[in-house]
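**Q** Position one of the sequence shown corresponds to residue 229 (our numbering), numbered consecutively onward.
For every residue, glycine included, the Cβ atom is placed at its ideal position computed from N, Cα and C.
In this text, all values refer to a predicted model and were calculated from it rather than measured experimentally.
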Amino acid sequence: MAASIRLNRPNPHMRQAYSKKASGSLAAAKLLLEHELFAEAIALAYYAMYHKTTALFWSIGLRCKSHRKTTIILQQVFSIDPAPLEEAREQRISRQYYADITATAMDTASLIDTAVSYLATMDALMDSMNEEGRDACRKKAQLLADSG
Numbered sequence: 229m230a231a232s233i234r235l236n237r238p239n240p241h242m243r244q245a246y247s248k249k250a251s252g253s254l255a256a257a258k259l260l261l262e263h264e265l266f267a268e269a270i271a272l273a274y275y276a277m278y279h280k281t282t283a284l285f286w287s288i289g290l291r292c293k294s295h296r297k298t299t300i301i302l303q304q305v306f307s308i309d310p311a312p313l314e315e316a317r318e319q320r321i322s323r324q325y326y327a328d329i330t331a332t333a334m335d336t337a338s339l340i341d342t343a344v345s346y347l348a349t350m351d352a353l354m355d356s357m358n359e360e361g362r363d364a365c366r367k368k369a370q371l372l373a374d375s376g
């Protein structure tokens, strides 16, 4: 795992940049849903969640390049249930890569609702995390990186 995660200094500019990417992806997902482009909307709803998770990571100076390992970090470093992000990832993969798996308006709207809730949860966590909380998460992340 060490090769795919790295600790840097907390970076509020990167946090803000990825939060903005998350908001843009979510807005695009909603527009795509309105135009019945369900698979594309699902992909962007997932990326909204992924980008917001990346913003959370940058709030403690953590960089992770692996989508799969992101869920491990959420659970082990932040004690957050990664199930919503994992489910969104699975939906994205199945809708983007397999032509025989179609998305419905209901599936898409449900995932977008999940993304809205997820982004709000991540924002609340980042806004409430003090220096002591960031330091504790950084220590957990360092242990995870060192365990390779």
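1. Pick out the complete alpha helix (DSSP H) segments inside the segment 240-271, 4 residues or longer, and give them in chain order.
2. For the beta strand (DSSP E) that Ile233 lies in, which residues bound it at each end?
3. Going along the chain, which unbroken runs of the beta strand (DSSP E) with 3 or more residues stay wholly within the segment 283-328?
4. Alpha carbon to alpha carbon, how far is Thr336 from Ala283?
5. In the structure shown, what three-state DSSP assignment does Ala230 receive?
6. Check for me: the alpha helix (DSSP H) holding Thr336 runs from which residue to which?
7. Taking the beta carbon of Gln244 as the centre, do at least 16 other beta carbons fall within 10 Å, making it buried, or is it exposed?
8. For the segment 325-341 against the segment 265-275, are there 3 or more C-beta pairs whose distance is under 8 Å?
9. Among the candidates Gly289, Ser287, Leu313, whose CA atom is the shortest distance from the CA of Ser297?
**A** Looking at the coordinates:
1. DSSP runs (the alpha helix (DSSP H)) wholly in the segment 240-271: 240-262.
2. Residue range 233-235 is occupied by the beta strand (DSSP E) that includes Ile233.
3. The qualifying runs are 290-292.
4. Thr336 and Ala283: Cα-Cα distance of roughly 24 Å.
5. In this predicted model, Ala230 has a pLDDT of only 47, less than 50, meaning its place in the structure is not dependable enough to derive any value.
6. DSSP places Thr336 inside the alpha helix (DSSP H), whose first and last residues are 333-356.
7. By the 16-neighbour rule on beta-carbons within 10 angstroms, Gln244 is exposed.
8. Counting C-beta pairs with one atom in each stretch, the segment 325-341 and the segment 265-275 have three or more that are closer than 8 Å, which means they touch.
9. Per the sequence presented here, residue 297 reads as Lys, with Ser not at that position. Lys297 has its Cα closest to that of Leu313, out of Gly289, Ser287, Leu313.
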